[in-house]
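To start, the structure itself, in structure tokens.
Numbering (this note's numbering), first residue to last: 59 to 241.
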């Protein structure tokens, strides 16, 4: 059982998900703790003690490889390096997700502010239009009132149409005659 496979790329221990979990020990467990955990768990999955279990031999083999890996300082340091890299990658992804979440929240905040600004501008335009319309109506009613007032003053100060001599009013015939003279 050499380490020839490890130099090529994948080792025979790559199928071990997490040797620390298999042996139920902490990451900083010492040699004594690893051996004790191995003996305790191997009793539960040894193929000689459980001949009925078809997976017992495979479980025992994985357990033995996990113990051997954790007791070999070089292989254990390589495993720890890989686990740390995987953990760092997960943390980086979590931070990336936090960055993306922050970017999304910032974008949503800017969109909300822009929408509020747009709505305020629309509201201001509507208010200005309503004020303009009101002022136009007010001005028109004032003009009508002033015209009515002037008309009342004129009717009071002007003599009645019966009192006006006919010579002051131009006749239709004289207006036609006047037009005909220019032509």
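Beta carbons are placed, not taken as given, at the ideal position from N, Cα and C, and that holds for glycine.
Quick one, are the C-beta atoms of residue i and residue j less than 8 angstroms apart?
i, j, result
"residue 81", "residue 103", "no"
"residue 100", "residue 118", "yes"
"residue 316", "residue 127", "Given that the chain is displayed from residue 59 to residue 241, the structure contains no residue 316 and the question cannot be resolved."
"residue 77", "residue 115", "no"
Ends of the alpha helix (DSSP H) at residue i?
i, result
"residue 145", "131–215"
"residue 95", "89–103"
"residue 79", "77–81"
Could you name the residues of the same chain whose beta carbon sits closer than 7 angstroms to that of residue i, not counting the 5 residues immediately before and after it, in chain order?
i, result
"residue 83", "91, 92, 95"
"residue 241", "The predicted position of residue 241 is uncertain, since its pLDDT is 45 and thus under 50; a value taken from the coordinates is nonetheless stated next. Result list for residue 241: empty, nothing under 7 angstroms."
"residue 165", "none"
Between which residues of its own chain and residue i is the CB-CB distance below 8 angstroms, once the five residues before and five after are set aside?
i, result
"residue 74", "80, 120, 123, 124, 127"
"residue 201", "none"
"residue 146", "none"
Could you name the residues of the same chain whose beta carbon sits closer than 6 angstroms to that of residue i, not counting the 5 residues immediately before and after it, in chain order?
i, result
"residue 144", "none"
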